[in-house]
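Shown next, in structure tokens, is the structure this report addresses.
Put into structure tokens, the structure is as follows:
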């Protein structure tokens, strides 16, 4: 599509996006959002055990694009995002609990599609070197890049700590009354976001609701004239004698085109190698050596076939947000305390 489409006027206005501009809010250190009021302020101070007002200082801090990205990173890895964001030098580096690996079968459906993955494990340090996968499993991983953040939190909320800042942000948006939002649609965009049209795959275990494909009607032209720049709302037909054409967004993942959903990002028949940190490369006879280097012994490694069900796919989705040893954390969970892993 080369035409700009607009949200309905009652959904997005120039004065803001989701919440009413005239409303005020308190955001706590762990990103819990509350409508501002005197009693809410007292409640927050009481919870923080602050009895002396002289302990407080008011500051005005400018937040730009760089600061917003930094705050997003803190919200994904911290329990006190605002403190670590505004006063990083005063904070002691703390470890973050690993995302708990989900062990139970989410749906209990024996007929559910599962992935066969070949893992190469390092016996010496009990870690995953890499995984050999088909295109179907890789399509599932790649689809995570298209998931709205609100959908990720909604999928994982039963398995993550309530101390996680991004979880608090989602829960507080969910609990805020409609009177604080510009419209019901604005709230739903946050707590029930939809996947962009054609961003889903056929064999996904985690399926999100997709937005409908875009359609546009040209009332005085055929498609060819429209592509050539014919003005669609002229009172006369185009040079081909047509008065109406309907343009429908196409699915770029379908080989022969069309507006059906589904398709895939990579071919299912292809084989790929995924490193422990989720670096992806086409599999080849030397790809393993290139990834690891030459300083290793073949005897240190074993090959193991693993069945990946929906529970493991959800675990991958959660762990990839906070870890750089994703495959090891999901498929070879450790009991010892792990240090914070940075992904940005």
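In the UniProt record's numbering, the protein residues as written are 1 to 344. Think of the CB as a built atom: it goes at the ideal place given N, C-alpha and C, for glycine as much as any other residue.
Presumed contact (8 Å Cβ cut-off) between residue i and residue j, rounded CB distance
i, j, result
"residue 165", "residue 79", "6 Å"
"residue 253", "residue 269", "Contact flag wrong, Cβ pair sits at about 15 Å."
"residue 319", "residue 313", "Going by Cβ atoms, the distance from residue 319 to residue 313 rounds to 11 Å, so no, they are not a contact pair."
"residue 33", "residue 121", "With a Cβ gap of about 43 Å, residue 33 and residue 121 do not count as contacting."
"residue 202", "residue 262", "4 Å"
"residue 204", "residue 140", "6 Å"
"residue 112", "residue 310", "6 Å"
N-terminal and C-terminal residue of the alpha helix (DSSP H) that residue i is part of
i, result
"residue 121", "Run containing residue 121: none in the alpha helix (DSSP H); it sits in the beta strand (DSSP E), 115–122."
"residue 326", "326–331"
"residue 69", "65–77"
"residue 81", "81–86"
Collapsed DSSP secondary structure at residue i in the structure displayed
i, result
"residue 35", "strand"
"residue 189", "helix"
"residue 282", "strand"
"residue 8", "Legend: pLDDT at residue 8 = 49, less than 50; position of this residue unreliable, no value from coordinates given."
"residue 55", "helix"
"residue 254", "coil"
"residue 95", "Summary for residue 95: the model assigns pLDDT 46, below 50, so the residue's position carries little reliability; its value from the coordinates is reported in the next sentence. Three-state DSSP puts residue 95 in coil, outside helix and strand."
"residue 225", "helix"
"residue 298", "helix"
"residue 145", "helix"
"residue 207", "coil"
"residue 50", "coil"
"residue 138", "helix"
"residue 155", "helix"
"residue 321", "coil"
"residue 195", "strand"
Endpoints, beta strand (DSSP E) assigned at residue i
i, result
"residue 134", "127–134"
"residue 18", "Unbroken run through residue 18: none, as it is neither H nor E."
"residue 304", "301–308"
"residue 165", "Here residue 165 belongs to no beta strand (DSSP E); instead the alpha helix (DSSP H) covers 165–175."
"residue 246", "245–248"
"residue 160", "Looking at the DSSP string, residue 160 is not in any beta strand (DSSP E), and its letter there is neither H nor E."
"residue 26", "25–27"
"residue 216", "215–218"
"residue 265", "Residue 265 -> no beta strand (DSSP E), and no H or E assigned at all."
"residue 273", "271–275"
Which listed residue (the options) has its alpha carbon closest to that of residue i
i, options, result
"residue 20", "31, 35, 328", "35"
"residue 195", "208, 202, 82, 40", "208"
"residue 331", "130, 73, 32", "130"
"residue 240", "250, 222, 249, 66", "222"
"residue 127", "238, 317, 302, 321", "302"
"residue 82", "71, 76, 213", "71"
"residue 191", "167, 156, 150, 54", "150"
"residue 197", "259, 168, 271", "259"
"residue 117", "322, 304, 317", "304"
"residue 124", "299, 115, 242, 316", "299"
"residue 102", "157, 215, 218", "157"
"residue 323", "277, 152, 284, 283", "277"
"residue 40", "154, 63, 24", "24"
"residue 143", "182, 193, 200", "200"
"residue 64", "54, 132, 186, 85", "85"
Legend entry - Any 3 or more C-beta pairs closer than 8 Å across the segment 168–181 and the segment 17–32: Pairwise C-beta distances place the segment 168–181 in contact with the segment 17–32, as three or more of them are shorter than 8 Å.
Legend entry - Contact between the segment 42–59 and the segment 121–138 (3+ Cβ pairs under 8 Å): Output reads no: the segment 121–138 does not touch the segment 42–59.
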